[in-house]
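Below is one structure; the comments refer to it alone.
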Amino acid sequence: MNRIRMTDTLRYKFDSFMSRGSGALILGLFTMSAIIILIASTLVVFLDLAPEPQPLPLLMWGNLMRLMDAGTLAGDSGDWSYLVLMLLVTAGGVFIFSSLIGVLTTGLEARLEELRKGRSLVAETGHSVILGWSPHIFALVSELSLANESQGSFCIAIMAQRDKVEMQDELRDKISLPKGGRLVCRTGDPTDVDDLAIVNPGAAKSILIITADPDDPDAVVLKTVLALSRRLDGVEGGPGIAAVLRSDNSLSAATIAGAGRAVFIPAGGIVARIMAQTCRQPGLSAILTDLLDFSGDEIYMHADQRLTGKTYGRIALSMGHGSAMGLRTAAGEVLINPPADTVFGPGDALICLAQDDSMIALSDDAPAVDASVLADVPASAAAPERLLILGWNQLGPLFLASTDEYAAPGSDALIVAPAFASNAPIPGNLRAMRVESRIGEVSDPDVLQSLSPQDFDHVMVFSDPSLPLQSADARTLAILLHLRAIADRLGRHFPITTQILDDRNHALAQAARADDFIVSDRLLSMMLAQVSENPELLRVFGELFRAEGSELYLKPASSYVREGCPVNFATVIQAALRRGESALGWRSIATASDAGANYGVRLNPGVRDTITFAPGDRIVVLAEDDG
Numbered sequence: 001m002n003r004i005r006m007t008d009t010l011r012y013k014f015d016s017f018m019s020r021g022s023g024a025l026i027l028g029l030f031t032m033s034a035i036i037i038l039i040a041s042t043l044v045v046f047l048d049l050a051p052e053p054q055p056l057p058l059l060m061w062g063n064l065m066r067l068m069d070a071g072t073l074a075g076d077s078g079d080w081s082y083l084v085l086m087l088l089v090t091a092g093g094v095f096i097f098s099s100l101i102g103v104l105t106t107g108l109e110a111r112l113e114e115l116r117k118g119r120s121l122v123a124e125t126g127h128s129v130i131l132g133w134s135p136h137i138f139a140l141v142s143e144l145s146l147a148n149e150s151q152g153s154f155c156i157a158i159m160a161q162r163d164k165v166e167m168q169d170e171l172r173d174k175i176s177l178p179k180g181g182r183l184v185c186r187t188g189d190p191t192d193v194d195d196l197a198i199v200n201p202g203a204a205k206s207i208l209i210i211t212a213d214p215d216d217p218d219a220v221v222l223k224t225v226l227a228l229s230r231r232l233d234g235v236e237g238g239p240g241i242a243a244v245l246r247s248d249n250s251l252s253a254a255t256i257a258g259a260g261r262a263v264f265i266p267a268g269g270i271v272a273r274i275m276a277q278t279c280r281q282p283g284l285s286a287i288l289t290d291l292l293d294f295s296g297d298e299i300y301m302h303a304d305q306r307l308t309g310k311t312y313g314r315i316a317l318s319m320g321h322g323s324a325m326g327l328r329t330a331a332g333e334v335l336i337n338p339p340a341d342t343v344f345g346p347g348d349a350l351i352c353l354a355q356d357d358s359m360i361a362l363s364d365d366a367p368a369v370d371a372s373v374l375a376d377v378p379a380s381a382a383a384p385e386r387l388l389i390l391g392w393n394q395l396g397p398l399f400l401a402s403t404d405e406y407a408a409p410g411s412d413a414l415i416v417a418p419a420f421a422s423n424a425p426i427p428g429n430l431r432a433m434r435v436e437s438r439i440g441e442v443s444d445p446d447v448l449q450s451l452s453p454q455d456f457d458h459v460m461v462f463s464d465p466s467l468p469l470q471s472a473d474a475r476t477l478a479i480l481l482h483l484r485a486i487a488d489r490l491g492r493h494f495p496i497t498t499q500i501l502d503d504r505n506h507a508l509a510q511a512a513r514a515d516d517f518i519v520s521d522r523l524l525s526m527m528l529a530q531v532s533e534n535p536e537l538l539r540v541f542g543e544l545f546r547a548e549g550s551e552l553y554l555k556p557a558s559s560y561v562r563e564g565c566p567v568n569f570a571t572v573i574q575a576a577l578r579r580g581e582s583a584l585g586w587r588s589i590a591t592a593s594d595a596g597a598n599y600g601v602r603l604n605p606g607v608r609d610t611i612t613f614a615p616g617d618r619i620v621v622l623a624e625d626d627g
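Residue numbers for the sequence shown follow full-length UniProt numbering, beginning at 1 and rising by one.
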C-alpha cells in the first residue's frame, strides 16, 4: 500500500476547501487577513519596531488599513525592519483583495449560469403553472393572460424539458403580456416529483398539462398527473389540474391518477362534435370562438340568494348584463336550457354568458316585452343534407358518427381520400346518413372540380395522417385554397371546415368568412384555459357539445319576431322561451362577411338593446334541435 505523504494530505484538504464554493473561499481570505494583521501587529509590539509606542489594538487597526489600501504605506516612517514588515502586510493585502475580486466574479458568473439553467424555486403564490411545451403553448399563455388581466398582477410559470433562455425568447417574440403580468420559465422534467417542486405547485392557483409527444401523449400526461398527486399529497385544497387526453381510453386511468384533483378534456370526442356542429351551421364558428376565448364573453356560474324561488324564464328576462344559459344545482348537476318554469332552489347557481363576472346582475325593473311583434311560426322539420368529406384520418369516424346524430334522415355523405387506413374504419349502420366512399387525390384541383363541391351543403377537409405534420398542413392549405377558388369563380359560397394540425399554421388558413372554420389545437388550448380557471365548465362544455339535450343553433329571426319592426332583446328572449329555448344573441346577414364586425355575430346584448331584423338574420339560441 502506498504511503500518503504530508504534502498529499495538505493538497487534498486544500482542494476540498476550494471546492466548497465562493462562501468558503471568502471566509478563508478574511481568516488569512486576520492572521496577517495579528502576526504583524504582535511582531511590532514584541520586537519594538514601531517609531512610536502604540497599543496593540491601534497597531491592528493601522495594519488593517494597510491591508485594504496600499497607499497607506507611503505615510509610514521608521527603520528598515519596520518598513519591510509593513510592506509585507501591504503585499498580503494586495494578494487577498485581488483574490477576493476573482472569487466574487467567479461566484457571480456561477450564479448567473445557475439561473440560466432555470432550476431555481418559483417563489410565487396564486400563480398559474404550465407543465410541458407544445406549439400551442402561445395560444394557451395568451388566453391565461387575458383571464388574469383584471387582477392587475399575475404570474404564469412554465416548466418543460427545454432550455430556459430559448423558452423565454420564443414567448417574448410571440406574446405581449398586459401590464402586471410575469412569465417565469424553468427547466425540468414534469414527470419528476423532485423537479415539480421548482414551480411550487402547492401554492399555485391552477396547473395545466400539455405535451407534444407524437408517439403517446396520453402516457406523458398520465405520468405527470401521478407525479403531481405525489407532490401534492397532504396539501389541503391545492390547485386544480387540467389536461387534454387524445384517447378516450386513457380517461379512466387518468381519473384515478388525478385523485379527484384533475379534470380531463377528451380531445377526440369534443373536437369531432365541434366539427359536426360548425360544419352544419354557417356562422357558428364565430360564436364558439367567442365562447371559448377570454377576449369577449365567457360562461360564468353566478350564485346569488335572490335567485332562490324565481323561475328560469323570469331570471332570463331580468338579466341587466348577461344572458341566461342554464343552472347548476346545489348537487352539482348542470342543466342547459331548462324549461322556463324551472324554479331555482337554495344553493342553485345561474349559468350565464357575460363579459365579466363583476357585471352579472339581476334587475327588478325588467323591460317590457312587445307581444305584438312575436311570431307564431311552428318548428319545421330538418331537411336532408349533403356532406362532402375530403381526406380521412382517425378523427373521421367520430366526426361522421357525431354528424349522423344531428342529420335528418335521407342525408348523404361522400368521402373522397387517397387511402382509407384500417385503424379509421368508416362507420356502418348510421341512423340518418347514407355514406359513399371513393379513392381520389383531393389535392388535385381537377379532382376537386369534378366533385362539384358547390352542390354540397357542407365541406369537411381532414389532414393526411400519412404525411409529416408540416407537409400534411401544407397539403390541407392547398385543398382549402382550391376550394375557395372554385367558390369565388362560381359565385357560390359553401361552408368549409378545415383541420389544421399545427396551431402556427392557423393564421395561414384564417377563414375569410364566418361560414368557414379552421379546426386546430387552438380550440383545445382555449378550452383548457377556461377549464383551468373554472373546472365546472367542463360539464357545461360536455353538455353543449353532445347531440342529446340542448346545443347552440342559429335560427331564422322571422321564427321569433316580425322582421322590419324594432324590438328589444327582452322580446327576443321571451319569443325563445315560448319555444323552449334560450336566446343568447343574433347574427346580422348585412355584416356576415365583415371580420371587424365579428362576422355579424352579436352575443350577450343588453335586454334593452333594440334591433330591427332583416330577412336572412338569425337568432343565436340554445335548443334541443334545429327545427
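Ideal Cβ positions, reconstructed from N, Cα and C, are used throughout, including at glycine. Being a predicted model, the structure only gives us computed values, none of them experimental.
Excluding five sequence neighbours on each side, which residues of the same chain lie with their C-beta closer than 6 Å to the C-beta of Ile158?
Indexing the sequence shown from 1 puts residue 158 at position 158. So the list reads Ile130, Cys185, once near-sequence residues are dropped.
Buried or exposed (CB count within 10 angstroms, at least 16 for buried), Arg172
Residue mapping note: residue 172 aligns to position 172 of the sequence shown, counting from 1. That one is exposed.
Straight-line CA distance for Arg111 to Cys155?
Residue numbering aside, residue 111 sits at position 111 when the sequence shown is read from its first letter. Residue numbering aside, residue 155 sits at position 155 when the sequence shown is read from its first letter. Roughly 23 Å separates the two Cα atoms.
Give me, in chain order, the residues of the same chain whose beta-carbon lies closer than 8 Å to that of Leu121; leave out the 5 immediate sequence neighbours on both sides.
Here residue 121 is taken as the residue at index 121 of the sequence shown, counted from 1. These residues qualify, in order along the chain: Ala197, Ile198, Asn200.
Whose CA, out of Pro51, Asp248, Pro55, Ser463, lies closest to the CA of Asp79?
Position 79 of the sequence shown, counting from 1, holds the residue named residue 79. Of Pro51, Asp248, Pro55, Ser463, the residue nearest in Cα terms is Pro51.
Let's test the definition: count the other Cβ atoms within 10 Å of the Cβ of Ile13 and tell me whether it reaches 16, buried, or not, exposed.
Numbered from its first residue, the sequence shown carries residue 13 at position 13. One detail in the question is off: residue 13 reads as Lys in this sequence, not Ile. Counting other Cβ atoms within 10 Å of its Cβ, Lys13 stays below 16 and is therefore classed as exposed.
Applying the 10 Å Cβ sphere with the 16-neighbour rule, what's the burial state of Met1?
Here residue 1 is taken as the residue at index 1 of the sequence shown, counted from 1. Reliability of the predicted coordinates at Met1 is poor, the pLDDT of 48 falling under 50, and no value is obtained from them.
Bridge partners - Cys185, DSSP secondary structure assignment
Locating residue 185 in the sequence shown gives position 185, where the first residue counts as 1. Note: Cys185 sits in a beta bridge opposite Ile158.
Would you list the one or two residues that DSSP bridges to His302?
Counting from 1 along the sequence shown, the entry for residue 302 is found at position 302. Residue pairing by DSSP puts His302 in a beta bridge opposite Leu350.
Leu171, DSSP secondary structure in three states:
Mapped onto the sequence shown, residue 171 falls at position 171. In the structure shown, Leu171 sits in a helix (DSSP, three-state: H, G or I).
State the Cα-Cα distance for the pair Met325 and Gly313, rounded to the nearest angstrom.
In the sequence shown, the residue the question calls residue 325 occupies position 325. In the sequence shown, the residue the question calls residue 313 occupies position 313. Going by the C-alpha atoms only, they are around 11 Å apart.
Using the Cβ count rule (16 or more neighbours within 10 Å means buried), how would you classify Val621?
Within the sequence shown, the letter at position 621 stands for residue 621. Sixteen is the threshold: when 16 or more other Cβ atoms of the shown chains lie within 10 Å of the Cβ of Val621, as they do, the residue is buried.
Secondary structure of Pro366, DSSP reduced to three states
What you label residue 366 is simply residue 366 of the sequence shown in a count that begins at 1. The question names Pro, but residue 366 in the sequence shown is Ala. Note: Ala366 maps to coil in three-state DSSP.
Can Ala557 and Asp617 be called in contact, C-beta distance under 8 Å?
Here the question's residue 557 lines up with position 557 in the sequence shown. Here the question's residue 617 lines up with position 617 in the sequence shown. Contact: yes.
Taking the alpha-carbon of Lys174 as reference, which of Ala354, Met526, Ile241, Arg504 has the nearest alpha-carbon?
For the purposes of this step, residue 174 is taken as the residue at position 174 of the sequence shown. Checked all of Ala354, Met526, Ile241, Arg504; the closest Cα to Lys174 is Arg504.
Compute the distance between the beta-carbons of Ser525 and Glu143, then report whether it is under 8 Å.
Here residue 525 refers to the residue found at position 525 when the sequence shown is read from its first residue. Here residue 143 refers to the residue found at position 143 when the sequence shown is read from its first residue. Taking the C-beta atoms as reference points, Glu143 is found nearer than 8 Å to Ser525.
Check Gln151 in the structure and name its three-state DSSP category.
Taking the first residue of the sequence shown as position 1, residue 151 is located at position 151. Under the three-state reduction of DSSP, Gln151 is assigned to helix.
From the DSSP output, in three-state form, read off residue 630 for me.
With the chain covering 1 to 627 only, the question about residue 630 has no answer from this structure.
Our contact map puts Val369 next to Thr571 with C-beta atoms below 8 Å; I'd like the distance itself, whole angstroms only.
Position 369 of the sequence shown, counted from the start, is the residue given in the question as residue 369. Position 571 of the sequence shown, counted from the start, is the residue given in the question as residue 571. Distance from Val369 to Thr571 at the Cβ level is roughly 5 Å; contact confirmed, criterion being Cβ atoms closer than 8 Å.
What do you reckon, are the CB atoms on Leu374 and Val561 nearer than 8 Å?
Counting from 1 along the sequence shown, the entry for residue 374 is found at position 374. Counting from 1 along the sequence shown, the entry for residue 561 is found at position 561. Contact: yes.
Might you give, ordered along the chain, the residues of its own chain that have their beta carbon closer than 6 Å to the beta carbon of Thr610, omitting 5 neighbours on each side?
Residue 610 sits at position 610 when you count from the first residue of the sequence shown. Within the same chain, Thr610 has close Cβ partners Pro566, Asn568.
Pick from Pro378, Met275, Gly491 that is closest to Ser402, judged by C-alpha positions
One-based indexing of the sequence shown puts residue 402 at position 402. Per the Cα distances, Met275.
Backbone secondary structure at Asp412 - three-state DSSP
Locating residue 412 in the sequence shown gives position 412, where the first residue counts as 1. In this structure, DSSP gives Asp412 an extended state, which the three-state scheme calls strand.
Which residue from Arg273, Val416, Thr211, Ser247 puts its Cα closest to that of Gln161?
The sequence position of residue 161 within the sequence shown is 161, counting from 1. Closest option to Gln161, Cα to Cα, is Thr211.
Own chain residues within Cβ distance below 6 Å of His127, not counting five before or after
Translated into the one-based positions of the sequence shown, residue 127 becomes position 127. Sequence-distant Cβ neighbours of His127 in its own chain, meaning closer than 6 Å and more than five residues away, are Cys155, Ala157, Ala204.
Using only CA atoms, which one of Asp348, Tyr300, Gln281, Glu298 lies nearest to Thr311?
Along the sequence shown, read from residue 1 onward, the residue named residue 311 stands at position 311. Nearest neighbour of Thr311 by Cα position, chosen from Asp348, Tyr300, Gln281, Glu298, turns out to be Asp348.
Assuming Ser285 contacts Phe517 under a Cβ cut-off of 8 Å, what Cβ separation, rounded to an integer in Å, is found between them?
Start at 1 with the first residue of the sequence shown, and residue 285 comes out as number 285. Start at 1 with the first residue of the sequence shown, and residue 517 comes out as number 517. Correct: roughly 4 Å between the Cβ atoms.
Out of His302, Arg273, Ser450, which has the shortest C-alpha to C-alpha gap to Leu288?
Translated into the one-based positions of the sequence shown, residue 288 becomes position 288. For the set His302, Arg273, Ser450, the Cα lying nearest the Cα of Leu288 is the one of Arg273.
Quick one: Cα of Asp341 to Cα of Ile299, how far?
For the purposes of this step, residue 341 is taken as the residue at position 341 of the sequence shown. For the purposes of this step, residue 299 is taken as the residue at position 299 of the sequence shown. Our two residues, Asp341 and Ile299, have alpha carbons roughly 22 Å apart in a direct line.
For the alpha helix (DSSP H) that Thr610 lies in, which residues bound it at each end?
Along the sequence shown, one-based indexing puts residue 610 at 610. Not the alpha helix (DSSP H): Thr610 falls in the beta strand (DSSP E), residues 610–612.
Buried or exposed, going by whether 16 or more other CB atoms sit within 10 Å of the CB of Ala257?
Walking along the sequence shown from the start, residue 257 turns up at place 257. It counts as buried.
Use the C-beta contact count for Gly181: other C-beta atoms within 10 angstroms, 16 or more gives buried, fewer gives exposed.
Sequence index remark: in the sequence shown, residue 181 carries index 181 (1-based). Buried, by the Cβ-count rule.
Coil, strand or helix - Trp586 by DSSP:
Translated into the one-based positions of the sequence shown, residue 586 becomes position 586. If DSSP states are grouped into helix, strand and coil, Trp586 belongs with the strands.
Where does Thr329 fall in DSSP's three states?
Sequence index remark: in the sequence shown, residue 329 carries index 329 (1-based). Coil, per DSSP.
For Asn604 and Gly585, which I take to be in contact (beta-carbon distance under 8 Å), what is that distance rounded to the nearest angstrom?
Position 604 of the sequence shown, counted from the start, is the residue given in the question as residue 604. Position 585 of the sequence shown, counted from the start, is the residue given in the question as residue 585. Indeed, because the Cβ distance is near 6 Å, the residues count as touching under 8 Å.
Reducing DSSP to helix, strand and coil, say where Ala361 ends up.
The residue you call residue 361 lines up with position 361 of the sequence shown. Looking at Ala361 - three-state DSSP - the assignment turns out to be coil, as it is neither helix nor strand.
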